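Taking our numbering, I'd label the letters of the sequence shown as residues 1257 to 1490. Idealized CB from N, CA, C, for every residue including glycine. Predicted, not measured: the structure shown is a model, and the values here were computed from it.
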Amino acid sequence: MHTLTQFRLCPFSRAVRLALAEQNIDVELVDERPWEWRPEFLALNPAGELPILQSEGGPTLCGVYAISEYLAEGTAAAAPEADEVESFPLLPGDRLQRAETRRLIDWFNGKFNREVTHELLQEKVYARLQPAASATPDVDFLRAIRTNLRYHMSYISYLADRRRWLAGEDLSFADLAAAAHLSSVDYLGEVPWEEYAVAKVWYARLKSRRAFRTLLADRVAGVQPAAHYANLDF
């Protein structure tokens, strides 16, 4: 049995949860507040970052990059008859296709996270859960984050309008990474879907997949989701 140490709105944790679900790998979730820097948590990952994937008698994998690459390599090495795993390669296609997929993964886990997800979660979630932090979001800062988000939504729309999935013809971890970040932002009601119809259609396709169900059921104490968050018809 696999155990995933995670935080419900952490986009990296969510991306790994989606990948595991797409590969039909059962996992037990263990909630962690990384800002508390618990010694037990730091013993698992001295970097103090989520997620952490453990398997009984197996390795302990730390971070979205290491975990996703490990899962991708396992898929690539699987026997053809292993249909349950082979059904979803995280990095499909040829060498060039995989390079494009990795470029977009880096875009969302790097640029999007720095400019939108991390800052928004800090302002609207972490501040409420940390006693020493201010619980009042900075209005000017939120305005800047929303401007950044619109830039990214335009890029997602551009990709989704020209490709079947963000990185090409096949669903990949690039889609899961993007959807993981957007789902965290959407939980807070911050995605202006009405302005980005193409991106909304792409996200709706992902949102309707079985793998997404556990994310839609997530709730964080003290932080209620947007009214439309769990609706497939949003």
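{"Check": "Taking the beta carbon of residue 1484 as the centre, do at least 16 other beta carbons fall within 10 Å, making it buried, or is it exposed?", "Outcome": "exposed"}
{"Check": "Would you tell me roughly how many angstroms separate the C-alpha atoms of residue 1380 and residue 1370, rounded to the nearest one?", "Outcome": "15 Å"}
{"Check": "Considering just the uninterrupted stretch of the alpha helix (DSSP H) at residue 1296, what are its terminal residues?", "Outcome": "1295-1300"}
{"Check": "Can you check the region 1349-1406 for any alpha helix (DSSP H) of at least 4 residues that lies completely inside it and give the ranges in chain order?", "Outcome": "1351-1362, 1374-1377"}
{"Check": "Use the C-beta contact count for residue 1298: other C-beta atoms within 10 angstroms, 16 or more gives buried, fewer gives exposed.", "Outcome": "exposed"}
{"Check": "Could you have a look at residue 1340 and say whether DSSP puts it in helix, strand or coil?", "Outcome": "Unreliable positioning characterises residue 1340 in this predicted model, as indicated by a pLDDT of 44, which lies under 50. The coordinate reading is nonetheless provided below. Looking at residue 1340 - three-state DSSP - the assignment turns out to be helix."}
{"Check": "If you compare alpha carbons, which of 1420, 1440, 1479 is closest to residue 1457?", "Outcome": "1420"}
{"Check": "Look up residue 1308 in the DSSP assignment and say whether it is helix, strand or coil.", "Outcome": "strand"}
{"Check": "In the DSSP assignment, what residue or residues form a beta bridge with residue 1258?", "Outcome": "1283, 1311"}
{"Check": "Name the two residues that bound the continuous alpha helix (DSSP H) containing residue 1276.", "Outcome": "1267-1278"}
{"Check": "For residue 1422, count neighbouring C-beta atoms within 10 Å of its own C-beta (all shown protein chains included) and say buried if the count is 16 or more, exposed if not.", "Outcome": "buried"}
{"Check": "Taking all protein chains shown into account, decide if residue 1397 is buried (16 or more other Cβ within 10 angstroms of its Cβ) or exposed.", "Outcome": "exposed"}
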